[in-house]
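The structure under discussion appears below in the form of C-alpha cells.
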Amino acid sequence: MPDRSLSSKLFNAAKEVIPGGVNSPVRAFRNVQGDPFFVQRARGCRIWDVDGNEMIDYVGTWGPAILGHAPTAVIDAVTQAAKEGVSFGIPNRHEVEMARMIRDYVPSVEKVRMVNSGTEATMSAIRLARGFTGRDKIVKFEGCYHGHVDSLLVAAGSGALTFGQPDSAGVPADFAKLTITVPFNRPELIEEVFAAQGHEIAALILEPIPANAGLIFPKPGFLQLLRDLTSKHGVVLIFDEVMTGFRLAKGGVQELTGITPDLTAMGKVIGGGLPVGAFGGKAEIMDQLAPLGPVYQAGTLSGNPLALAAGLAQLREMERHDGWNRLDQIGLTFENAVRDTLRELGRDLILNRIGSMFCLFFREGVIDNVDDVKQCDFEAFRKFFWAALDRGVYFAPSQYEAGFISLAHGEGDLAKTAEVTCEALKIALA
Ligand SMILES: *Cc1c(COP(=O)(O)O)cnc(C)c1O
C-alpha cells in the first residue's frame, strides 16, 4: 500500500476548517469509504499526490482536462492573458471569439452567454425558459445531474404525475412542486406527463447521454420522442451538455445524434480547467435576457479573460490535433483492453463507453436508468477502486461517476492501465 500519510494529515487539517474537508462532496471519497489523497501537481495523464505517489488519472478534473493536465498551449494562453489583466468587468475580445467558436461548433447555439460554472448555466437556462414561455413547471430525469440548482435538486414523487420531493435539505417543498422528475428511457411515462401537463411545462432538461449516474445511453428513438413532445407542447428543450459538450464531439451529443435542442448548457471542457459555464440557443429565446429582455441574469466575473483564453486555447489544440477522432481511437483501445480482461476472467460486467467517456458497472445485464445502477455490487466496486489506486491508476471514486480519457493517455499508459485493471478486477471479484 502506498504511503499516504501527508494526505491524511492534510485531510485532518482540512476537516477542521472546511465542511467534510472538501469543497465538493464527491471528493471526500465517501462512496469508497476512505480518505481522499491531496494532489501536489498534475501533468499529462499523470497526477502526483503530496506523498509523491504517481497515478494515471481517469478523472481529469471531472471532465475539463481533455488534453491532459497542464497542457503547454493552455498555460501559455492563460499566462499571456494574465499579463493584460486578470479581470475587467467590461467587454473584452475573448468573449466575442469564444461566442463565435461556440456557435461554429454547436450550430443550435445562435447566441450564447458565458457564466462561471455548469450550475449557473443550467440555473440561468431554466429561468430563461420560464421567462420565455411564461410557464413555471419543469421536467427532469432521475439520475441526470444539472449542478446544485434548487429546482433541479428534486427527486421523483411516488408516481410520474405526482409532485417532486426536495433531494436536499434547504430546497423548499414549494419549489420541488414545480419540478416533475421522471425515470430516464421510459417513453410511456414521459408521454403521460406531457399529455397531462404539457401546457404548463416551461422546459424539459436532460443530459442527452447521462453521465452522472455512471454512463447511460438513451434508447433508440428516445431523444427524438423528447424533441417531438417538446415541440408539440411549446416546451423549451434544454440539453445539459456541460459534460458531453466539446468532448464526445465538437458539437456534443446534438452533433452525434442530429437532435437539436432549443437551449444548451455548457461548461467543463470549454473552460480549459478554469471556472466556466455557458448557455445558449435560439436567438429568439436568448434575446429575452437582460439587457435586451425581461429575464435577469448577470455575473461580475462572467466572460473572464483568463478562463476564456484557457478554453479557446484548449479547443484550438483539439482542432489542431484532430482531437475528437484521436480520442475515439484511444477510447476504443482502452475499451478493447478492458473487454479482453473481462473475457479472460469470464465476467460479464457492463462496460459503457462512447468516445473518451466510460463507466464499468459492477453488474451484468443492461443499464437503462439510475435504478439499474443502484443494483450494482458497490462492495466490489470499492475493492476495485482501491486496488487500482494502490497500483497507480486513479478511477473516479464512485460507481455513479464516469471516467474520462484525454489526448495525453498514450499507449504505455493504456497498457499499464489494462494490467492494473486486470489485477484489480481479480481482487474485486474474488
Ligand atoms: C458538472 C455538471 C454540472 C455542474 O457543473 P459545475 O461546474 O460543477 O457547477 C451540470 N451538469 C452536468 C451534466 C455536469 O456534468
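Sequential numbering of the sequence shown, starting at 42, is according to our numbering. A virtual CB, placed ideally from N, CA and C, is assigned to each residue, including glycine.
DSSP bridge partner residues for residue i (one or two, in chain order)
{"i": "Arg87", "result": "Arg84, Ile97"}
{"i": "Cys400", "result": "Asn393"}
{"i": "Ala244", "result": "Ile179, Val277"}
{"i": "Met154", "result": "Residue 154 is actually Arg in this sequence, not Met. Answer is Phe320."}
{"i": "Gly308", "result": "Gly318"}
{"i": "Gly286", "result": "Ala290"}
{"i": "Val195", "result": "Pro207"}
{"i": "Ile221", "result": "Val180"}
{"i": "Leu342", "result": "Bridge partners of Leu342: none, in fact."}
{"i": "Val336", "result": "Leu330"}
Test item: CB-CB of residue i and residue j under 8 Å
{"i": "Ile143", "j": "Val137", "result": "no"}
{"i": "Ala197", "j": "Glu183", "result": "yes"}
{"i": "Ile107", "j": "Gln370", "result": "no"}
{"i": "Phe403", "j": "Asp389", "result": "no"}
{"i": "Arg367", "j": "Leu448", "result": "yes"}
{"i": "Gly321", "j": "Asp328", "result": "no"}
{"i": "Tyr221", "j": "Gly205", "result": "The identity of residue 221 in the sequence shown is Ile, whereas the question assumes Tyr. For Ile221 and Gly205, yes; Cβs fall inside 8 Å."}
{"i": "Pro316", "j": "Asn64", "result": "no"}
{"i": "Leu392", "j": "Val379", "result": "yes"}
{"i": "Gly286", "j": "Val310", "result": "yes"}
{"i": "His135", "j": "Ala339", "result": "no"}
{"i": "Pro302", "j": "Leu266", "result": "no"}
{"i": "Ala243", "j": "Ala331", "result": "no"}
{"i": "Asp409", "j": "Ile257", "result": "yes"}
{"i": "Ala83", "j": "His110", "result": "yes"}
{"i": "Ser192", "j": "Leu219", "result": "yes"}
{"i": "Met164", "j": "Val190", "result": "yes"}
{"i": "Gly255", "j": "Ala443", "result": "yes"}
{"i": "Leu270", "j": "Glu232", "result": "yes"}
{"i": "Leu289", "j": "Gly396", "result": "yes"}
{"i": "Val195", "j": "Pro207", "result": "yes"}
{"i": "Arg68", "j": "Pro77", "result": "yes"}
{"i": "Gly352", "j": "Gly312", "result": "yes"}
{"i": "Asp92", "j": "Pro60", "result": "no"}
{"i": "Asp259", "j": "Asp412", "result": "The displayed chain sequence assigns Pro, not Asp, to residue 259. No; because the gap between Cβ atoms is not below 8 Å, this pair is not in contact."}
{"i": "Thr341", "j": "Gly126", "result": "no"}
Proximity to residue i [Cα-Cα], best of the options
{"i": "Lys291", "options": "Glu325, Ala351, Arg357, Leu315", "result": "Arg357"}
{"i": "Met398", "options": "Phe375, Gly387, Gly406, Asp409", "result": "Phe375"}
{"i": "Val414", "options": "Val67, Cys185, Glu161", "result": "Cys185"}
{"i": "Pro261", "options": "Arg227, Phe287, Asn253", "result": "Arg227"}
{"i": "Leu304", "options": "Ile116, Arg268, Asp98, Lys218", "result": "Arg268"}
{"i": "Val153", "options": "Gly318, Ser199, Leu193", "result": "Gly318"}
{"i": "Asp90", "options": "Phe173, Glu464, Val80, Met96", "result": "Val80"}
{"i": "Ala437", "options": "Asp98, Gln338, Val283", "result": "Asp98"}
{"i": "Gly308", "options": "Gly159, Lys273, Gly451", "result": "Gly159"}
{"i": "Met284", "options": "Leu264, Gln265, Gly314", "result": "Gly314"}
{"i": "Leu386", "options": "Glu464, Asp412, Leu353, Tyr337", "result": "Glu464"}
{"i": "Gly451", "options": "Ser272, Val195, Leu373, Leu289", "result": "Leu373"}
{"i": "Gly172", "options": "Glu241, Val294, Arg68", "result": "Glu241"}
{"i": "Ser439", "options": "Trp103, Ile59, Gly93, Ser49", "result": "Trp103"}
{"i": "Asp281", "options": "Val195, Gly175, Glu161", "result": "Glu161"}
{"i": "Lys323", "options": "Glu360, Val147, Glu232", "result": "Val147"}
{"i": "Asn253", "options": "Asp454, Asn53, Val100, Asp92", "result": "Val100"}
{"i": "Thr174", "options": "Ser272, Ala54, Asp454", "result": "Ser272"}
{"i": "Leu394", "options": "Ala55, Phe52, Ala237, Phe445", "result": "Looking at the sequence provided, one finds Arg at residue 394 rather than Leu. Ranking Ala55, Phe52, Ala237, Phe445 by Cα distance to Arg394 puts Phe445 first."}
{"i": "Glu296", "options": "Trp365, Tyr337, Leu230, Phe235", "result": "Trp365"}
{"i": "Asp145", "options": "Leu383, Glu360, Glu405, Gln416", "result": "Glu360"}
{"i": "Ala456", "options": "Asp215, Asp381, Ala421, Glu420", "result": "Asp381"}
{"i": "Ser1", "options": "Val234, Pro66, Asn94, Glu229", "result": "Limits of the chain in this structure are 42 at one end and 471 at the other, which puts residue 1 out of reach."}
Ranges of the alpha helix (DSSP H) found wholly within the stretch 415 to 459, counting only runs of at least 4
419 to 431
Going residue by residue through the stretch 100 to 130, where are the continuous beta strand (DSSP E) segments of at least 3 residues, counting only ones entirely within it?
none
Closer than 8 Å is the cut-off here; do at least three beta carbon pairs connect the stretch 171 to 180 with the stretch 344 to 352?
no
Is the stretch 117 to 137 touching the stretch 453 to 464, taking contact as three or more C-beta pairs under 8 Å?
no
Three CB pairs or more closer than 8 Å across the stretch 67 to 81 and the stretch 419 to 433:
yes
Okay, do the stretch 429 to 438 and the stretch 235 to 249 touch, 3+ Cβ pairs below 8 Å being the bar?
no
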